[in-house]
Amino acid sequence: MTLKQALSDARGVLTANNIEDAPLESELLLRHTLKISQVQLYLDLNRELNPEQEETFWHLIKRRLIGEPTAYITGHREFYGLDFYVNHDVLIPRPESELLVEKTLNLAQNRPVSTIAEIGTGCGAIAISLALNLPQAKIYATELSAPALKVAQFNCRKHKVLNRINLLLGDMLEPLPEPVDLIVANLPYVKESELPLTGSGSFEPMLALNGGSDGLERIQRLCQQLSGKICPGGGLLLEIGQGQRKPVITLLRHLFPSAKIEVTPDLGGIDRVVSCYPDLC
Numbered sequence: 000m001t002l003k004q005a006l007s008d009a010r011g012v013l014t015a016n017n018i019e020d021a022p023l024e025s026e027l028l029l030r031h032t033l034k035i036s037q038v039q040l041y042l043d044l045n046r047e048l049n050p051e052q053e054e055t056f057w058h059l060i061k062r063r064l065i066g067e068p069t070a071y072i073t074g075h076r077e078f079y080g081l082d083f084y085v086n087h088d089v090l091i092p093r094p095e096s097e098l099l100v101e102k103t104l105n106l107a108q109n110r111p112v113s114t115i116a117e118i119g120t121g122c123g124a125i126a127i128s129l130a131l132n133l134p135q136a137k138i139y140a141t142e143l144s145a146p147a148l149k150v151a152q153f154n155c156r157k158h159k160v161l162n163r164i165n166l167l168l169g170d171m172l173e174p175l176p177e178p179v180d181l182i183v184a185n186l187p188y189v190k191e192s193e194l195p196l197t198g199s200g201s202f203e204p205m206l207a208l209n210g211g212s213d214g215l216e217r218i219q220r221l222c223q224q225l226s227g228k229i230c231p232g233g234g235l236l237l238e239i240g241q242g243q244r245k246p247v248i249t250l251l252r253h254l255f256p257s258a259k260i261e262v263t264p265d266l267g268g269i270d271r272v273v274s275c276y277p278d279l280c
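All residue numbers for the sequence shown refer to numbering that gives the first Met the number 0, where the first residue is 0 and numbers rise by one.
Rendered as structure tokens:
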């Protein structure tokens with residue numbers, strides 16, 4: 000079987016099983032099998048797979064068919080133009096979370112931002128993206144899960160920012176040793192009743208998805224910990240889920256009546272990032 004035939008057959012199988020982006024997924028899995036680049040793949044489409052390679056490739060396709068995400072199968076996920084190692088200990092970075100990075104970078108252009116804390120860093124994608132784009136900023140990254148923090152440490156080392164990101168094990172803002180100018184957080188915001196029991200989501204750590212009965216449990220706890228952890232004039236950037244704009248704004252208004260609050264939609268038009276300036280003194 001040639002690489003071209005393997006790609007074609009895999010696309011057909013994945014498409015028939017309602018796997019989105021079947022052409023891309025089959026390409027990623029074949030490249031992972033052969034440990035080759037996209038250019039190498041398309042320059043060598045008439046090359047024959049040996050029996051071992053063919054068996055490995057179809058084993059990966061079977062794993063994808065039972066719902067395991069390609070990112071976990073290959074151990075890689077691209078985020079903000081960077082490649083990150085991921086495993087089952089961390090949530091797979093989503094494209095919509097890149098908006099958190101963009102908002103933070105925009106803020107840093109318009110106001111002094113010398114210290115940043117990312118809460119619930121997971122694989123470290125957001126913190127590392129910020130560190131590479133804001134070389135003068137001191138960055139903290141907190142994480143409740145020790146296995147997840149090991150993944151973040153690996154990615155920090157991979158992207159050569161291990162000496163610039165302070166990785167802290169602990170819950171929310173508790174490990175922060177000092178107030179910071181900006182707090183960035185993509186916390187669990189899925190309602191407990193809506194947690195995935197099957198499909199790709201069921202392979203991800205529930206700790207990184209479960210937002211409690213209303214989906215806002217972790218967000219509420221974070222906001223209640225802000226006092227003493229954010230510098231005067233500092234800001235908070237939160238990623239939220241669909242339909243959570245109103246309850247999150249209500250929560251923030253209750254805690255910080257005079258705060259300046261903005262909501263930014265993602266490319267799909269879904270309200271995705273809430274910016275809040277509590278003006279805590």
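The beta carbon of each residue, even a glycine, is placed where N, CA and C say it ideally should be.
Keep in mind the model is a prediction, meaning the values are calculated, not measured.
Whole-angstrom distance between residue j and residue i, CA atom to CA atom
i, j, result
"residue 145", "residue 168", "7 angstroms"
"residue 180", "residue 236", "11 angstroms"
"residue 18", "residue 94", "18 angstroms"
"residue 32", "residue 232", "51 angstroms"
"residue 262", "residue 127", "24 angstroms"
"residue 283", "residue 273", "This structure cannot speak to residue 283, because the chain is shown only from 0 to 280."
"residue 164", "residue 26", "34 angstroms"
"residue 51", "residue 42", "21 angstroms"
"residue 183", "residue 226", "15 angstroms"
"residue 113", "residue 160", "16 angstroms"
"residue 116", "residue 241", "24 angstroms"
"residue 97", "residue 20", "20 angstroms"
"residue 208", "residue 143", "13 angstroms"
"residue 4", "residue 56", "12 angstroms"
"residue 212", "residue 245", "17 angstroms"
"residue 260", "residue 278", "11 angstroms"
"residue 355", "residue 92", "Because the chain is modelled from 0 through 280, residue 355 falls outside the range shown and cannot be assessed."
"residue 151", "residue 124", "8 angstroms"
"residue 138", "residue 39", "38 angstroms"
"residue 234", "residue 30", "42 angstroms"
"residue 267", "residue 49", "43 angstroms"
"residue 148", "residue 65", "28 angstroms"
"residue 255", "residue 22", "48 angstroms"
"residue 248", "residue 191", "21 angstroms"
"residue 34", "residue 135", "36 angstroms"
"residue 155", "residue 187", "22 angstroms"
"residue 158", "residue 176", "24 angstroms"
"residue 275", "residue 88", "30 angstroms"
"residue 36", "residue 193", "38 angstroms"
"residue 62", "residue 243", "34 angstroms"
8 angstroms Cβ shell around residue i - same chain, five flanking residues per side excluded
i, result
"residue 250", "215, 218, 219 and 222"
"residue 280", "In this prediction, residue 280 scores a pLDDT of 44, lower than 50, which makes its location untrustworthy; the coordinate-derived value is nonetheless stated afterwards. Hits under 8 angstroms: 231."
"residue 90", "121, 122, 203, 204, 207 and 208"
"residue 132", "100 and 104"
"residue 252", "258 and 260"
"residue 14", "21"
"residue 1", "44, 45, 46, 47 and 48"
One or two residues paired with residue i in a DSSP bridge
i, result
"residue 94", "DSSP lists no partner for residue 94."
"residue 273", "237 and 262"
"residue 115", "138 and 181"
"residue 1", "47"
Own chain, CB closer than 6 angstroms to residue i, minus 5 neighbours either side, in chain order
i, result
"residue 110", "none"
"residue 59", "28 and 72"
"residue 265", "95, 98 and 271"
"residue 174", "141 and 167"
"residue 170", "143"
"residue 201", "195"
"residue 130", "138, 160, 163 and 164"
Close beta carbons around residue i, own chain, < 7 angstroms, minus the five adjacent residues each side
i, result
"residue 82", "75"
"residue 86", "71, 74 and 150"
"residue 16", "64"
"residue 108", "none"
"residue 11", "none"
"residue 106", "112, 181 and 234"
Neighbour flag for residue i against chain D, beta carbons, 8 angstroms
i, result
"residue 148", "You won't find chain D in this structure, because it holds only one protein chain."
**OP:** Could you tell me which uninterrupted beta strand (DSSP E) segments, each at least 3 residues in length, are contained entirely in the segment 168–219, listed from first to last along the chain?
**Re:** 179–184
Original post:
Enumerated in chain order, which unbroken segments of the beta strand (DSSP E) with a length of 3 residues or greater are wholly contained in the segment 24–96?
Top reply: 75–78 and 81–84
Original post:
In chain order, which continuous runs of the beta strand (DSSP E) of length 3 or greater are located wholly inside the segment 216–253?
Top reply: 229–238
Subject >> alpha helix (DSSP H) segments (min. 4 residues) lying fully within the segment 117–171 >> reply: 124–132 and 145–157
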